[in-house]
Each structure stands twice: as structure tokens, then as C-alpha cells.
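Per the numbering used here, the very first residue in the sequence shown carries number 42; after that it's consecutive.
From the three backbone atoms N, C-alpha and C, an ideal C-beta is built for every residue, glycine too.
Treat the numbers as computed from the prediction; the structure is a model and nothing was measured.
Data first, discussion second: the structure below is written as C-alpha cells.
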Amino acid sequence: MKDGKTLIKTIPERCKMCYTCVRDCPAKAIRVKAGQAEVLPERCIGCGNCIIVCSQKAKEYYSSIDETREILKTNSKKIAILAPSFPASFSYIHSGYLIDLLKKIGFDHVCEVAFGADLVAYEYKKLVSENPDKCFIATTCPGVVSYVEKYYPRLVNVLAPIVSPMIAAGRALKILYGMDSKIVFIGPCFAKKEEAFRCKGRTNVDPIDAVLTFIELKEMLEDVNYALKDLEDSDFDPPKAGLGALFPIRGGLLQAAELQENLIESKIQSAEGKDDFIQAIKEFEVEFYGANLLEILCCKGCIMGAGMGTKEHYFARKTAVSNYIKSHTRVEESKNNYELYKTLKNRGLDLHVKFSSANYRSPVPDNDILSSILARMGKNKEEDELNCGACGYKTCREHAAAIASGLAENEMCLPNTIERLKKSLSELQDSKGEIAKIQEALFNAEKLASMGQLSAGIAHEINNPLGIILLNSNVLLEEIGNREEYKQLKEDLKLIVEQAERCKKIVSGLLNFSRINKIVRIPTDIEALINDSLRSVMKPENINIKIDCSFINPMAEVEGEKIIQVLVNLIKNSIDAMPSGGVINISAFDKEEDFFIIVKDNGVGISESNINRVFEPFFTTKSIGKGTGLGLAVSYGIIKMHKGSITIKSNADPAKGPTGSEITITLGRKVDTY
Numbered sequence: 042m043k044d045g046k047t048l049i050k051t052i053p054e055r056c057k058m059c060y061t062c063v064r065d066c067p068a069k070a071i072r073v074k075a076g077q078a079e080v081l082p083e084r085c086i087g088c089g090n091c092i093i094v095c096s097q098k099a100k101e102y103y104s105s106i107d108e109t110r111e112i113l114k115t116n117s118k119k120i121a122i123l124a125p126s127f128p129a130s131f132s133y134i135h136s137g138y139l140i141d142l143l144k145k146i147g148f149d150h151v152c153e154v155a156f157g158a159d160l161v162a163y164e165y166k167k168l169v170s171e172n173p174d175k176c177f178i179a180t181t182c183p184g185v186v187s188y189v190e191k192y193y194p195r196l197v198n199v200l201a202p203i204v205s206p207m208i209a210a211g212r213a214l215k216i217l218y219g220m221d222s223k224i225v226f227i228g229p230c231f232a233k234k235e236e237a238f239r240c241k242g243r244t245n246v247d248p249i250d251a252v253l254t255f256i257e258l259k260e261m262l263e264d265v266n267y268a269l270k271d272l273e274d275s276d277f278d279p280p281k282a283g284l285g286a287l288f289p290i291r292g293g294l295l296q297a298a299e300l301q302e303n304l305i306e307s308k309i310q311s312a313e314g315k316d317d318f319i320q321a322i323k324e325f326e327v328e329f330y331g332a333n334l335l336e337i338l339c340c341k342g343c344i345m346g347a348g349m350g351t352k353e354h355y356f357a358r359k360t361a362v363s364n365y366i367k368s369h370t371r372v373e374e375s376k377n378n379y380e381l382y383k384t385l386k387n388r389g390l391d392l393h394v395k396f397s398s399a400n401y402r403s404p405v406p407d408n409d410i411l412s413s414i415l416a417r418m419g420k421n422k423e424e425d426e427l428n429c430g431a432c433g434y435k436t437c438r439e440h441a442a443a444i445a446s447g448l449a450e451n452e453m454c455l456p457n458t459i460e461r462l463k464k465s466l467s468e469l470q471d472s473k474g475e476i477a478k479i480q481e482a483l484f485n486a487e488k489l490a491s492m493g494q495l496s497a498g499i500a501h502e503i504n505n506p507l508g509i510i511l512l513n514s515n516v517l518l519e520e521i522g523n524r525e526e527y528k529q530l531k532e533d534l535k536l537i538v539e540q541a542e543r544c545k546k547i548v549s550g551l552l553n554f555s556r557i558n559k560i561v562r563i564p565t566d567i568e569a570l571i572n573d574s575l576r577s578v579m580k581p582e583n584i585n586i587k588i589d590c591s592f593i594n595p596m597a598e599v600e601g602e603k604i605i606q607v608l609v610n611l612i613k614n615s616i617d618a619m620p621s622g623g624v625i626n627i628s629a630f631d632k633e634e635d636f637f638i639i640v641k642d643n644g645v646g647i648s649e650s651n652i653n654r655v656f657e658p659f660f661t662t663k664s665i666g667k668g669t670g671l672g673l674a675v676s677y678g679i680i681k682m683h684k685g686s687i688t689i690k691s692n693a694d695p696a697k698g699p700t701g702s703e704i705t706i707t708l709g710r711k712v713d714t715y
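And the structure:
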């Protein structure tokens with residue numbers, strides 16, 4: 042349609058990207074752009090399938106209600122012509138009452154479109170008999186005509202050059218009731234709106250002035266207050282219809298035109314419904330198969346048109362139409378109408394039409410383009426093409442071709458979208474893990490900062506008494522000299538001096554740590570380092586320490602004193618965790634460029650509620666006076682300064698298994714390992 046009128050369009054805010062309309066559109070006249078389904082007017086054939094299948098009511102059609110109301114206000118003769126499928130839509134009201142209702146809302150006459158179908162049937166009978174060697178496609182369905190014109194232009198020349206029953210009835214009634222009459226078609230088809238619009242201006246007088254669907258008529262009747270008792274049982278105004286009333290049912294044209302569908306000769310063939318009519322046209326483009334006439338309906342009969350406005354199923358609708366025809370004798374009217382047909386022809390009735398072609402067939406992309414598009418959707422092999430139809434296209438290749446033509450998007454492929462969502466979810470999970478690590482690092486950095494501030498203050502306080510201890514111990518050593526009687530005392534004083542010197546180094550280390558000084562790595566024998574750490578620990582008799590070192594190469598670049606400080610702290614913690622005695626297992630090994638030290642005990646363990654706090658400054662599970670809560674915090678800082686890691690596993694619940702703790706230190710062999 043033109044003049045700013047669009048037959049069918051999408052309401053964007055209601056569209057939920059289900060692609061149902063794409064799937065059910067026989068012309069693939071719906072483009073998906075930025076996730077929104079958009080009806081392309083130039084490709085649309087007006088079948089209305091998209092309106093039927095859209096559960097969200099996201100498709101709206103051009104309404105002719107206002108046009109009709111304006112017509113009803115005029116002084117012209119107003120004629121409503123009712124499509125023969127009306128009994129299926131208005132099964133709840135007697136036909137005579139419906140006719141009277143139409144007159145009550147302003148129509149002067151109510152006639153049958155089926156009369157126009159009778160006229161058309163005579164033309165088809167004549168066409169087939171005069172052209173026994175030719176094949177024609179019936180043009181009673183405007184959706185089929187539009188489809189052929191737009192997508193099979195090679196078949197335009199075999200479209201039967203005969204107008205539809207609607208146009209035939211309109212032209213005939215203008216002759217009978219006056220050329221200034223206003224005729225409103227009422228039927229089940231949206232495509233009729235387009236057909237009527239296209240006919241405007243082709244002749245001196247437009248045959249149809251407005252087109253209402255049954256849905257629109259029902260909407261208009263809702264505004265009319267009426268009671269059945271106030272309605273009269275009216276009849277259609279002449280001319281009365283004959284067997285043309287069968288047109289909305291498959292084969293109706295053939296029976297009305299006295300043409301028989303012979304299954305042996307196959308001279309007359311018929312097809313209906315969106316799948317069958319497309320397949321029939323596709324096959325007839327290649328071969329006519331000896332047929333004279335192909336009767337095709339876009340819907341499964343006009344009784345299944347998108348504008349019917351009823352929820353009744355197919356057989357209920359068909360029965361309603363059949364029963365109406367049975368109750369109204371049609372054979373005699375058919376004979377009378379033939380005489381009227383000849384009279385109208387003599388008065389200038391033209392039932393012929395010319396069709397035009399406008400090829401909207403999308404070009405088929407070459408295989409390289411298709412393969413590239415399929416690859417973007419994760420379909421690199423033939424078995425990857427699931428052909429599930431979720432995108433609205435029958436095959437993955439059809440979808441790819443639509444993408445190439447700008448009608449579809451990659452995101453419409455549901456399996457590929459699911460895979461990409463899975464991948465994105467996995468990446469998000471990975472990102473979440475990375476964020477957790479960063480948060481942990483920030484948290485630990487805060488701990489290290491607070492620990493550094495504290496250790497600086499403590500170091501300054503400890504340095505003074507350490508200096509006094511060292512000074513007096515060295516003075517005593519000088520006074521004792523080499524006297525034999527003070528040999529044991531001399532050894533004790535040496536140990537005091539040695540450990541005081543060690544404390545001084547530790548204090549110096551705390552000061553350096555608080556100033557974020559770098560560690561000094563030198564090649565060190567890790568196994569010797571472990572043994573040295575044991576000499577700095579007073580081991581109770583009820584504690585057994587086992588060492589298991591299995592190095593391929595025991596040398597690593599570390600600052601030995603700091604690693605000893607860590608090991609001594611861990612060993613002392615294990616001893617404190619086993620007041621009744623136990624075993625400490627120290628194992629060490631290397632693997633490629635990493636080495637590992639594991640300190641494991643069978644002590645009381647650490648509860649789950651405390652396990653995440655063990656490296657916090659000042660946190661301790663020991664009793665008051667037994668620990669400062671700095672040992673593991675300092676150890677954590679030393680290991681982190683070595684760019685290593687320290688982890689802990691512990692169980693304090695005997696019901697869950699043996700109690701105890703296991704701390705694992707992981708360090709790089711060389712400075713640039715991490």
C-alpha cells in the first residue's frame with residue numbers, strides 16, 4: 042500500500058524476539074534488525090500469518106474502520122458485500138439478523154460476494170475450454186497473486202487474467218446500483234485491502250471503496266446496542282449467489298465452474314496453505330505437469346483467513362459454510378446468474394486484469410559467503426548445521442542466505458547464542474575468580490601495610506633490650522675467657538649471643554619489611570636451610586620431627602634468614618598445637634622451576650571459622666600470653682616478598698577425620714620465575 046499506508050507493521054515494544062512471525066511468513070517479508078522484527082511492505086503479500094501467530098499482539102494491520110464510517114456518513118448509496126466465508130465467522134448469529142445489523146449501522150444494501158464468484162467461475166470455465174493446451178494459475182487469492190508477482194516473475198504470464206470475486210462483484214454492482222455507489226467489502230482477508238488499493242485508478246470507477254475484515258466489522262458492531270428480538274430476519278439484496286458460495290473452501294472454484302479435478306488426468310490441480318501453495322508454485326516454475334489450471338489458496342481455504350476473528354477450528358468452519366449453502370438453494374441462482382452474467386457483459390462489465398512483476402527474490406549468495414556466515418555462527422562442518430528452525434528459517438543455510446541479504450542476524454541462531462552465552466558465563470566465572478584473587482591481594486596488602494606499621498614500632502622497642510643483652514653477654518664471655526670450670530656457662534652464653542644476634546636480624550628484617558625493602562636473594566641450599574631452622578627450635582621430648590627432602594636440585598635463590606624465620610615460626614606453631622605430643626612431618630621437593638616445603642602436624646587443628654583469619658596481624662588461637670598473632674602474618678609477608686604463596690589446610694573436628702594442620706610454601710627457584 043502507498044500514500045503513507047502500511048498494511049501490516051510491528052509494534053516494537055511488544056516484540057519479544059521469538060521469531061515466530063519469521064517462521065510463519067511464506068514470503069520471508071520480515072527483517073530482523075537489532076533484535077526487532079520489522080515487516081517489509083515491499084515484500085509482504087498480506088497473508089496475515091504473522092498476525093495470527095504472534096502471541097504478544099506485536100503485529101498491527103491497517104484499519105479501515107474510520108474510512109467505512111466516513112462512507113456511511115455520505116449521501117451515496119452504501120453497499121456492503123459480504124464474503125461467502127461469513128457463516129464461519131458469525132456462527133453465533135443468524136445470517137438474516139447479521140444482514141439487518143449491517144443495514145442498521147448505515148448500509149443501504151447488503152449483497153453477496155459469492156455472486157461475483159459466480160461471474161468469475163464462468164470466466165474460468167471459458168478460459169480453460171478455450172485454451173486446452175495452456176496452463177493457468179488461478180488468481181482468486183490476492184496473496185497468491187502478490188507472491189507470484191514478487192517472487193516468481195517468470196510465472197506472471199500464466200496468471201489467469203481474471204479478476205477476483207471481490208472485484209467482479211464490485212464492478213457488477215456499480216453497473217446495477219449506480220457508478221456513484223460506495224461499496225465496502227467485508228471478508229476474512231487482509232490482502233484484500235492491498236488488492237482494492239491497487240485497483241484504484243485503473244478504471245474510471247473504483248470497484249471497491251473500502252475493505253473491512255470480519256474482525257473490524259465485529260469491532261464496529263460492538264458500538265451498536267441491539268437485542269436479537271429487535272432484529273429482522275432479512276435476506277441478501279440481489280443479485281443472489283449461486284455455487285460461488287463454495288469459493289472459500291478448497292475446490293470451490295472448480296465446482297462452481299463445473300471443472301473436475303481428475304486424479305488420473307491431473308488437468309486440474311489444487312493446493313492450499315502456506316507450505317503447499319509455495320511448493321506448488323516452486324514446482325510449477327520448473328514443470329507444469331500437464332495441468333490446465335492450478336487452483337491455489339494462500340490459506341487453508343478462505344475460511345482460515347487471518348481476518349476471520351473466530352477461534353473455531355477448520356472443520357467447524359467448513360461445516361458452518363456448508364450448512365449455510367445447504368439451507369439456501371443455489372442451483373437455480375447459478376442458472377439465473379449466468380443470464381445476468383451475459384447481460385452485464387453486454388453492459389460493459391470487464392472481468393479481466395493485467396498483472397505486473399517486481400522481482401524481490403533474494404539473490405543466492407555463493408558458497409564462500411555462506412560458509413563465512415555459517416562459520417560466524419559456529420557451523421564449520423555440515424554436521425554443525427542443526428536445521429532446528431529456531432531462527433525462523435527451515436535450514437541453517439537459508440538463515441545464512443537471509444543474513445547475506447540483510448534480512449536476518451547471527452544472533453537469531455539459538456544454539457549458537459546458547460553456546461556464546463555459555464562461553465560468556467564461563468568467562469564471567471573466570472573473571473569472578475580473578476576479581477576474587479585481586480580482592481584477596483588487596484586485602485592482604487592492607488594486612489601487610491598494617492603489619493608493617495606495627496612491626497616498625499615493635500622493632501624499635503625491642504632493639505634497646507637486645508642491645509643490652511648482647512653487650513652484657515659479650516662482656517661475660519670476655520671475663521670468663523677460657524676457664525675450664527666455666528666451659529658449660531661459656532657455651533650457654535655463646536647460644537645467648539647467637540640467638541640475640543638472630544633476634545637483632547629479625548628486628549632488622551621487621552624494620553626493612555615495614556619500609557617495603559626488597560629481599561636479597563642468593564643461591565641457597567634449601568635442605569641445609571631446613572636443618573638450620575631445626576637448630577633454632579627447642580623441641581620437647583614428646584614431639585617427633587621427621588624430615589623428608591627429595592630434591593633434584595636443592596639450590597634456590599632466596600634470602601635464607603627470612604625463610605628460616607618462617608620455618609621456625611611454623612614449627613613452633615605445630616609444637617604449640619600438640620601439648621600432649623605428636624609428630625611434625627617436614628617434606629620438601631622441587632618440580633621444574635618451583636620448590637615446595639610442607640609442614641604438617643597432627644595437633645588440635647584450626648576451626649573452619651578461623652581458617653581464613655590465620656594470616657591476619659594479631660590474630661591468634663593461642664591462650665593469652667602464649668602468642669602475639671604476628672608469627673603467621675610476618676611469615677605470610679616474607680613469602681609474598683619472595684613472590685611465592687603460602688596456603689593452609691586444617692581440620693579441628695575429629696568426626697571429620699584426623700585432626701591437624703598442613704601448611705604448604707611454594708617458591709620459585711629463580712628471581713624471574715614469577
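At the level of alpha carbons, what is the spacing between T109 and L253? Your numbering for residue 109 matches position 68 in the sequence shown. Your numbering for residue 253 matches position 212 in the sequence shown. Their backbone Cα atoms lie some 8 Å apart in a straight line.
Where P173 sits in the DSSP three-state scheme: Taking the sequence shown and counting its residues from 1, one reaches residue 173 at position 132. P173: coil per DSSP, three-state reduction.
Please give me, in chain order, every unbroken run of the beta strand (DSSP E) with length at least 3 that falls completely inside the region 109-140. If only uninterrupted beta strand (DSSP E) runs of at least 3 residues are considered, those enclosed by the region 109-140 are 119-123.
Since I believe R388 is in contact with I216 (beta carbons under 8 Å), could you give me their beta-carbon distance rounded to a whole number of angstroms? The count along the sequence shown starts at 1 and reaches residue 216 at position 175. The count along the sequence shown starts at 1 and reaches residue 388 at position 347. Distance from I216 to R388 at the Cβ level is roughly 5 Å; contact confirmed, criterion being Cβ atoms closer than 8 Å.
Rounded C-alpha distance that separates K341 from I256: As a first step, residue 341 must be located in the sequence shown, where it is residue number 300. As a first step, residue 256 must be located in the sequence shown, where it is residue number 215. When rounded, the separation of the alpha-carbon atoms in K341 and I256 is 18 Å.
Rounded separation between I557 and M579 - CA only: One-based indexing of the sequence shown puts residue 557 at position 516. One-based indexing of the sequence shown puts residue 579 at position 538. Caution is warranted here: a pLDDT of 47 is assigned to I557, below 50, making its placement in the model unreliable, and no coordinate value can be reported.
Mapping the DSSP letters down to three states, classify R239 as helix, strand or coil. The residue labelled residue 239 in the question sits at position 198 within the sequence shown. Correct three-state label for R239: helix.
Compute the beta-carbon to beta-carbon distance between K663 and D635, rounded to the nearest angstrom, for a pair I have assumed lies under 8 Å. Counting from one through the sequence shown, the residue named residue 663 turns up at place 622. Counting from one through the sequence shown, the residue named residue 635 turns up at place 594. Not really, about 32 Å apart at Cβ, beyond 8 Å.
With DSSP as the reference, identify every bridge partner of P564, one or two as the case may be. Reading the sequence shown from its first residue, position 523 is the one you call residue 564. Checking the DSSP bridge columns, you'll see P564 partnered with E598.
So, does the region 159-176 touch the region 219-235, judging by three or more C-beta pairs under 8 Å? No: fewer than three Cβ pairs fall under 8 Å.
Limits of the unbroken alpha helix (DSSP H) element including R212: Against the sequence shown, residue 212 aligns to sequence position 171. Judged by DSSP secondary structure, R212 falls within the alpha helix (DSSP H) whose first and last residues are P206 to Y218.
Alpha-carbon spacing of P506 relative to E542, whole angstroms: Along the sequence shown, read from residue 1 onward, the residue named residue 506 stands at position 465. Along the sequence shown, read from residue 1 onward, the residue named residue 542 stands at position 501. Cα-Cα distance, rounded: 12 Å.
Distance, Cα to Cα, I706 vs R417? The sequence position of residue 706 within the sequence shown is 665, counting from 1. The sequence position of residue 417 within the sequence shown is 376, counting from 1. So the alpha carbons of these two residues sit roughly 46 Å apart.
If you follow the beta strand (DSSP E) that K587 is in, where does it begin and where does it stop? Position 546 of the sequence shown, counting from 1, holds the residue named residue 587. From DSSP, the beta strand (DSSP E) with K587 extends over I584 to S591.
I want to know whether the region 272-284 touches the region 318-328 - three or more CB-CB distances under 8 Å. Because the criterion of three Cβ pairs below 8 Å is not met, the region 272-284 and the region 318-328 do not touch.
With a threshold of 16 other CB atoms inside 10 Å of the CB of Q529, please say whether the residue is buried or exposed. Taking the sequence shown and counting its residues from 1, one reaches residue 529 at position 488. Classification of Q529: exposed, given that the 10 Å Cβ count is below 16.
Neighbour-count burial assignment, G698, 16 or more Cβ in a 10 Å radius: For the purposes of this step, residue 698 is identified with residue 657 of the sequence shown, where counting begins at 1. By the neighbour-count criterion, in which 16 or more other beta carbons inside 10 Å mark a residue as buried, G698 falls on the exposed side.
Do P125 and E153 have their C-beta atoms closer together than 8 Å? If you number the sequence shown from 1, residue 125 lands on position 84. If you number the sequence shown from 1, residue 153 lands on position 112. Taking a C-beta distance under 8 Å as the contact criterion, P125 and E153 qualify as a contact pair.
So, are the CB atoms of E164 and F396 less than 8 Å apart? The residue you call residue 164 lines up with position 123 of the sequence shown. The residue you call residue 396 lines up with position 355 of the sequence shown. The answer is no: Cβ separation not under 8 Å.
Can you list, in chain order, the residues of its chain with a C-beta nearer than 6 Å to that of D65? Leave out the 5 residues immediately preceding and following it. On the sequence shown, position 24 is the one that residue 65 refers to. In the same chain as D65, and ignoring 5 residues on each side of it, the C-beta atoms closer than 6 Å to its own belong to N90 and V94, in chain order.
Going by C-alpha to C-alpha distance, which of I92, P82 and Q97 sits closest to I57? One-based indexing of the sequence shown puts residue 57 at position 16. Strictly speaking, residue 57 in this sequence is Lys, with Ile absent from that position. In this structure, Q97 is the residue among I92, P82 and Q97 with its C-alpha nearest to the C-alpha of K57.
N523 lies in the alpha helix (DSSP H); which residues open and close that run? Numbered from 1 along the sequence shown, position 482 holds the residue referred to as residue 523. DSSP places N523 outside any alpha helix (DSSP H), giving it a letter other than H or E.
Tell me the DSSP secondary structure of I72 in three-state form. Here residue 72 refers to the residue found at position 31 when the sequence shown is read from its first residue. Ile is not the amino acid found at residue 72; the sequence shown has Arg there. Three-state DSSP puts R72 in a strand.
What residue range is occupied by the uninterrupted beta strand (DSSP E) comprising N626? In the sequence shown, counting from the first residue as 1, residue 626 sits at position 585. Counting along the chain, the unbroken beta strand (DSSP E) around N626 starts and ends at G623 to K632.
Between the Cα of V63 and the Cα atoms of F156, T47, F148 and C85, which residue gives the shortest distance? Within the sequence shown, numbered from 1, the residue matching residue 63 stands at position 22. Ranking the options by Cα distance to V63, first place goes to C85.
Within 10 angstroms of the Cβ of V265, are there 16 or more other Cβ atoms? Answer buried if so, exposed if not. Sequence index remark: in the sequence shown, residue 265 carries index 224 (1-based). Exposed is the label assigned to V265, since fewer than 16 other Cβ atoms lie within 10 Å of its Cβ.
Endpoints, the beta strand (DSSP E) within which K315 is located: Walking along the sequence shown from the start, residue 315 turns up at place 274. Unbroken run through K315 is the alpha helix (DSSP H), K315 to V327; no beta strand (DSSP E).
Have a look at G242 and K233 and give me their C-alpha separation to the nearest angstrom. Within the sequence shown, the letter at position 201 stands for residue 242. Within the sequence shown, the letter at position 192 stands for residue 233. Taking the Cα positions, G242 is about 16 Å away from K233.
Can we say the region 612-632 touches the region 640-647, given the rule of at least three CB pairs closer than 8 Å? The region 612-632, when compared against the region 640-647, does touch it at the 8 Å Cβ threshold.
For G522 and L673, the rounded distance between their alpha carbons: On the sequence shown, residue 673 is found 632 positions in, with the first residue counted as 1. On the sequence shown, residue 522 is found 481 positions in, with the first residue counted as 1. Cα atoms of L673 and G522: separation of roughly 40 Å, rounded to the nearest angstrom.
Under the three-state reduction of DSSP, which class applies to K223: helix, strand or coil? Here the question's residue 223 lines up with position 182 in the sequence shown. DSSP places K223 in strand when its eight states are reduced to three.
Does DSSP put E426 in a helix, a strand or coil? In the sequence shown, counting from the first residue as 1, residue 426 sits at position 385. DSSP places E426 outside both helix and strand once states are collapsed to three, so it counts as coil.
Taking F636 as part of the alpha helix (DSSP H), name the residues at either end of that continuous run. For this step, residue 636 is matched to residue 595 along the sequence shown. In the DSSP annotation of this structure, F636 is not part of any alpha helix (DSSP H); the continuous beta strand (DSSP E) holding it starts and ends at D635 to D642.
Pull up the CB-CB distance for I5 and I414, whole angstroms please, since I reckon it's below 8 Å. The chain is shown only over 42 to 715; residue 5 falls outside these bounds and no answer can be derived.
Checking the sheet assignment: what are the DSSP bridge partners for L708? Translated into positions along the sequence shown, residue 708 becomes position 667. Looking at the DSSP assignment, L708 forms a beta bridge with F636.
If you follow the alpha helix (DSSP H) that I366 is part of, which residue opens it and which one closes it? Stepping through the sequence shown from its first residue, residue 366 is reached at position 325. Residue range Y355 to S368 is occupied by the alpha helix (DSSP H) that includes I366.
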